[in-house]
Ligand SMILES: Nc1ncnc2c1ncn2[C@@H]1O[C@H](COP(=O)(O)OP(=O)(O)OP(=O)(O)O)[C@@H](O)[C@H]1O
Ligand SMILES: [Mg+2]
């Protein structure tokens, strides 16, 4: 059982001209087996929060803990290689690698024997609604929605216990979006992974086990469907 905890986290972006307070005293908790959603309007701080959870930077104030260990003490490169799989808002596929190689890369990190790769890649591609014929293409030859699904396929391949996904269905039509959300829910409920998904889509937010609603850098509401019935805490 893995647990990610954000404690009193604030974050500001500063340059010569201005300082932006992107997160203000945020507290949240995510654990294995949960489909967690962070919902909020554009500019509310969702990507910033996910970037900190991904260990790309440290909070300006406060702490993030994985299983009780502070990110300030952990090797965050190792954390990203072993524990986390990230679907970025802009996909971040390797442009010089084919679809097959993009998915094979995390499979390599999982130590799977090479002989099983092809079969596993086909299986994963199918689960995100992409055909086998995609495999030899490069990301630049794909539509935005297709690239997004390759990014999701790469995450499925990684077998990392924590999945961080920034608007993973933003470029998809309703049926493909539904398929991806179902897949991510399965990864949490059946495989016991912790999925943290950022969205501004209320239909996806409604399906969360744990929902954090953000506004202006703060968490203003928490809903937990796992407690008896659905409980809502307004945090203002
Ligand atoms: N690199 C940066 N430098 C300065 N300010 C930034 C930077 N990145 C984000 N911000 C600011 O921090 C705040 C939070 O941004 P963030 O990207 O986390 O929002 P978001 O909720 O992910 O929005 P969206 O839904 O549009 O992706 C915004 O006010 C934004 O303008
Ligand atoms: Mg964002």
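Numbering (the numbering used here), first residue to last: 1254 to 1489.
Using N, Cα and C, we set each Cβ at its ideal position, and we do this for glycine too.
Exclusion of the five residues before and after residue 1277 leaves 1263, 1470, 1471 as the residues of its chain whose Cβ lies within less than 6 Å of its Cβ. For residue 1462 and residue 1286, the gap between their C-alpha atoms comes out near 9 Å.
Between the alpha carbons of residue 1401 and residue 1365 lies a gap of roughly 24 Å. Taking 9 Å as the cut-off, the beta carbon of residue 1406 is found no closer than this to the beta carbon of residue 1449. Ranked by Cα distance from residue 1259, the options 1441, 1397, 1304, 1270 are led by 1304. Residue 1302 sits in a helix when the DSSP states are folded into three classes. In this structure, residue 1261 lies near residue 1316, with their beta-carbon atoms less than 9 Å apart.
Here the C-alpha atom of residue 1390 lies approximately 29 Å from the C-alpha atom of residue 1444. Excluding its 5 nearest sequence neighbours in each direction, residue 1420 has C-beta neighbours in its own chain below 7 Å: 1342, 1451, 1452, listed in chain order. Out of 1441, 1416, 1422, the CA that lies nearest to the CA of residue 1456 is found in 1422. Within 10 angstroms of the beta-carbon of residue 1321 lie fewer than 16 other beta-carbons, which makes it exposed. Counted as a single uninterrupted DSSP element, the alpha helix (DSSP H) harbouring residue 1373 occupies residues 1370 to 1380. Of the candidates 1418, 1351, 1362, the residue whose Cα lies closest to the Cα of residue 1386 is 1351. In this structure, residue 1388 has its CB at a distance of at least 8 Å from all heavy atoms of ligand 2. A residue is listed when its beta-carbon falls short of 5 Å from at least one non-hydrogen atom of ligand 1; in chain order these are 1266, 1273, 1275, 1295, 1296, 1297, 1298, 1299, 1300, 1301. Residue environment for residue 1465: buried (at least 16 other C-beta atoms within 10 angstroms of its C-beta). Within the segment 1257 to 1335, the runs of alpha helix (DSSP H) at least 4 residues long that lie entirely inside it are, in chain order, 1299 to 1306, 1329 to 1335. The alpha-carbon of residue 1388 is positioned some 46 Å away from that of residue 1270. With a threshold of 8 Å, the Cβ atom of residue 1419 counts as near ligand 2, since some heavy atom of the ligand is closer than that.
Judged by their CB atoms, residue 1403 and residue 1381 are nearer to each other than the 9 Å cut-off.
Secondary structure of residue 1444 (DSSP, three-state): coil.
Within the same chain, and ignoring the five residues on either side of residue 1441 in sequence, the residues whose Cβ sits closer than 7 Å to its Cβ are 1286, 1287, 1288, 1447, 1448.
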